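Asks:
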Amino acid sequence: MRARFQSGTFADISMLGDALGWDIGFCQLDPGAASCHARVLAAPDMVICEPLFDGRYHQLGTPPGDVATFGIPIRALDRWFDQPYATGSILPFNQAGGIDGFSLRGFRAYTLSVDRSLLERVAETVGLDVPRLIFEPESTEVISDSPAARYLRALLHHTMEIAHQGNSPTWCEDITLALLQAAQTTSAHRDLSSGSQRSQALRLAIDYVDSIEQEILSVAQLCEAVGVSVRTLNRAFNDRFAMGPKAYLARRRLSGIRRDLLKAEPDDLVSDLANQWGIWHMGQFARDYRQMFGELPSQTLAT
């Protein structure tokens, strides 16, 4: 389905909220007639909105629960959850109680809503974990200003500026990857563990993975077994391997299957060997295997 681009003026901000599927409860603080101009680019798994408000507002509301939504202020946001807005930061909107901000006259921003399935698909493709703050941020938690956050801003600006001409076929994936990278940078920045603590956590994690062999293991389970937070373990793996624990576990599984394929008997089946490692989606497995090793599992088996 093609993305839809719209540009127009809404007589009331609640009307913009209705168009986006938001439960908006903005409080207008300046007297007089108010309006909101907005540009909206909507695809099946991503919506970008660029609103411009002509008055001061106490911004309250809740985005749809089946997507991850973020605010990327451009100008005139004064407070975020009663704290001064940290210039350049990106604001997660999926707090359990909704958002709480204060904007001045001339407020302008991007809001970005990304479907969960798109986030997980892009993260899996590039070997990144989806940070907790994507879907479960604390009330005052933000994505800190960084080169990755600034790149996301620039990409959103470029995407909206050429939206009426038509964007590239991969624009949703490109923006999603930029968001994940910005969030990963924040997660690493906020981890307060020492280098020795991360080294020890990494050793314990590798030992634990070795001990369970073919058992399917999530990052949360690995963190529980090692006794560290997701942030600490993610940073430990990135320090050593330049990838998160989720990507590392996937590669360990693929490497184990490859070893089994190389030692297999003539009548063994690829599917049987993959199933022993918890792999059931054979089409995706074949694609991942070929991307990793440059050949199909069946070619390895025939070696």
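By numbering that gives the first Met the number 0, the letter at position 10 of the sequence shown is numbered 9, and the numbering carries on one by one without gaps.
No residue lacks a Cβ here, since even glycine has one placed at the ideal position from N, Cα and C.
Quick caveat, the model's predicted, so the values are computed rather than measured.
Hey, out of L268, I47 and T231, whose CA is closest to Y109's CA?
Replies: Here residue 109 is taken as the residue at index 110 of the sequence shown, counted from 1. Taking only the C-alpha atoms, the option nearest Y109 is I47.
Asks: In this structure, how does DSSP classify R1 when only helix, strand and coil are distinguished?
Replies: Here the question's residue 1 lines up with position 2 in the sequence shown. The answer is coil: DSSP assigns R1 none of H, G, I, E or B.
Asks: What are the start and end residues of the alpha helix (DSSP H) that includes L216?
Replies: The count along the sequence shown starts at 1 and reaches residue 216 at position 217. Unbroken run through L216: none, as it is neither H nor E.
Asks: Measuring alpha carbon to alpha carbon, tell me which of M242, P30, A75 and E135 ends up nearest R107.
Replies: What you label residue 107 is simply residue 108 of the sequence shown in a count that begins at 1. Cα-wise, what sits closest to R107 is A75.
Asks: Using only CA atoms, which one of R202, G64, R258 and D44 lies nearest to F92?
Replies: By one-based count along the sequence shown, residue 92 stands at place 93. For the residues R202, G64, R258 and D44, the minimum Cα distance to F92 belongs to G64.
Asks: Can you pull the DSSP bridge partners for W79?
Replies: Taking the first residue of the sequence shown as position 1, residue 79 is located at position 80. Answer is Q82 and G100, bridged to W79.
Asks: Express the C-alpha separation of R289 and E264 in angstroms, rounding to a whole number.
Replies: For this step, residue 264 is matched to residue 265 along the sequence shown. For this step, residue 289 is matched to residue 290 along the sequence shown. When rounded, the distance between both Cα atoms is 21 Å.
Asks: Please state whether DSSP places F9 in a helix, a strand or coil.
Replies: Counting from 1 along the sequence shown, the entry for residue 9 is found at position 10. The answer is strand: DSSP assigns F9 an E or B state.
Asks: Would the stretch 10 to 30 and the stretch 39 to 58 be scored as touching if the rule is three or more Cβ pairs under 8 Å?
Replies: At 8 Å Cβ cutoff, the stretches touch.
Asks: Note down the Cα distance separating Q5 from L19, rounded to an integer number of angstroms.
Replies: Position 6 of the sequence shown, counted from the start, is the residue given in the question as residue 5. Position 20 of the sequence shown, counted from the start, is the residue given in the question as residue 19. Rounded to the nearest angstrom, the two C-alpha atoms are 12 Å apart.
Asks: Straight-line CA distance for A147 to T175?
Replies: The count along the sequence shown starts at 1 and reaches residue 147 at position 148. The count along the sequence shown starts at 1 and reaches residue 175 at position 176. Approximately 12 Å between the Cα atoms of the pair.
Asks: Given this structure, state the Cα-to-Cα distance separating I211 from L201, to the nearest angstrom.
Replies: As a working note, residue 211 is residue 212 in the sequence shown. As a working note, residue 201 is residue 202 in the sequence shown. The straight-line gap from Cα to Cα measures roughly 16 Å.
Asks: Nearest-angstrom Cα distance between L178 and D206?
Replies: Here residue 178 refers to the residue found at position 179 when the sequence shown is read from its first residue. Here residue 206 refers to the residue found at position 207 when the sequence shown is read from its first residue. Going from the Cα of L178 to the Cα of D206 covers about 32 Å.
Asks: In chain order, what residues of the same chain have a beta carbon less than 7 Å from the beta carbon of A182, not counting five sequence neighbours either side?
Replies: Residue 182 sits at position 183 when you count from the first residue of the sequence shown. Result list for A182: P130, L132, I133 and I142, in chain order.
Asks: List the endpoints of the continuous beta strand (DSSP E) containing P146.
Replies: Sequence index remark: in the sequence shown, residue 146 carries index 147 (1-based). Run containing P146: none in the beta strand (DSSP E); it sits in the alpha helix (DSSP H), P146 to E160.
Asks: So the candidates are H163, A162, E123 and C222; which of them puts its Cα closest to the Cα of A249?
Replies: Here residue 249 corresponds to residue number 250 of the sequence shown, with the count starting at 1. Here the closest residue by C-alpha is E123.
Asks: Excluding the five sequence neighbours on either side, which residues of its own chain have a C-beta within less than 7 Å of the C-beta of A162, listed in chain order?
Replies: If you number the sequence shown from 1, residue 162 lands on position 163. Taken in chain order, the residues that qualify are F4 and L40.
Asks: With 16 other CB atoms within 10 Å as the buried threshold, where does G390 fall?
Replies: One cannot answer for residue 390 here, as it falls past the ends of the chain, which runs 0 to 302.
Asks: How many whole angstroms separate the CB atoms of M45 and C171, which I take to be in contact at a CB cut-off of 8 Å?
Replies: Taking the first residue of the sequence shown as 1, we reach residue 45 at position 46. Taking the first residue of the sequence shown as 1, we reach residue 171 at position 172. Contact holds; Cβ gap of about 5 Å.
Asks: For the putative contact between G97 and G60, defined by C-beta atoms under 8 Å, what is the C-beta separation to the nearest angstrom?
Replies: For the purposes of this step, residue 97 is taken as the residue at position 98 of the sequence shown. For the purposes of this step, residue 60 is taken as the residue at position 61 of the sequence shown. Going by Cβ atoms, the distance from G97 to G60 rounds to 6 Å, so yes, they are a contact pair.
Asks: Cutting at 7 Å between CB atoms, please list the residues of its own chain near R152, excluding the five before and the five after it.
Replies: What you label residue 152 is simply residue 153 of the sequence shown in a count that begins at 1. Same-chain partners within the cutoff: I71.
Asks: Which residues does DSSP pair with Q27 in a beta bridge?
Replies: Counted from its first residue, the sequence shown places residue 27 at position 28. Note: Q27 sits in a beta bridge opposite Y56.
Asks: Please report the residue range of the alpha helix (DSSP H) in which A122 lies.
Replies: In the sequence shown, counting from the first residue as 1, residue 122 sits at position 123. It spans R115 to V125 - the alpha helix (DSSP H) in which A122 sits, taken as one unbroken run.
Asks: By DSSP, does S112 sit in helix, in strand, or in coil?
Replies: The residue labelled residue 112 in the question sits at position 113 within the sequence shown. Strand.
Asks: Are L232 and L216 touching if we call contact CB-CB under 8 Å?
Replies: Taking the first residue of the sequence shown as 1, we reach residue 232 at position 233. Taking the first residue of the sequence shown as 1, we reach residue 216 at position 217. The answer is no: Cβ separation not under 8 Å.
Asks: What is the DSSP secondary structure of H36, reduced to helix, strand or coil?
Replies: Reading the sequence shown from its first residue, position 37 is the one you call residue 36. The three-state secondary structure of H36, taken from DSSP, is strand.
Asks: Taking a contact to mean a Cβ-Cβ separation below 8 Å, would you say L311 touches P296 in this structure?
Replies: Beyond the ends of the chain as shown, which are 0 and 302, falls residue 311; an answer cannot be given.
Asks: A67: which of L90, Y247 and P168 sits nearest, CA to CA?
Replies: Here residue 67 is taken as the residue at index 68 of the sequence shown, counted from 1. Put simply, of L90, Y247 and P168 the residue whose alpha carbon is nearest the alpha carbon of A67 is L90.
Asks: Answer yes or no: does any C-beta atom of chain D fall closer than 8 Å to that of T124?
Replies: Here chain D cannot be found, since the structure has a single protein chain.
Asks: Does the Cβ of Y150 have 16 or more other Cβ atoms within 10 Å, making it buried, or fewer, making it exposed?
Replies: Position 151 of the sequence shown, counting from 1, holds the residue named residue 150. Exposed, because fewer than 16 other Cβ atoms sit within 10 Å of the Cβ of Y150.
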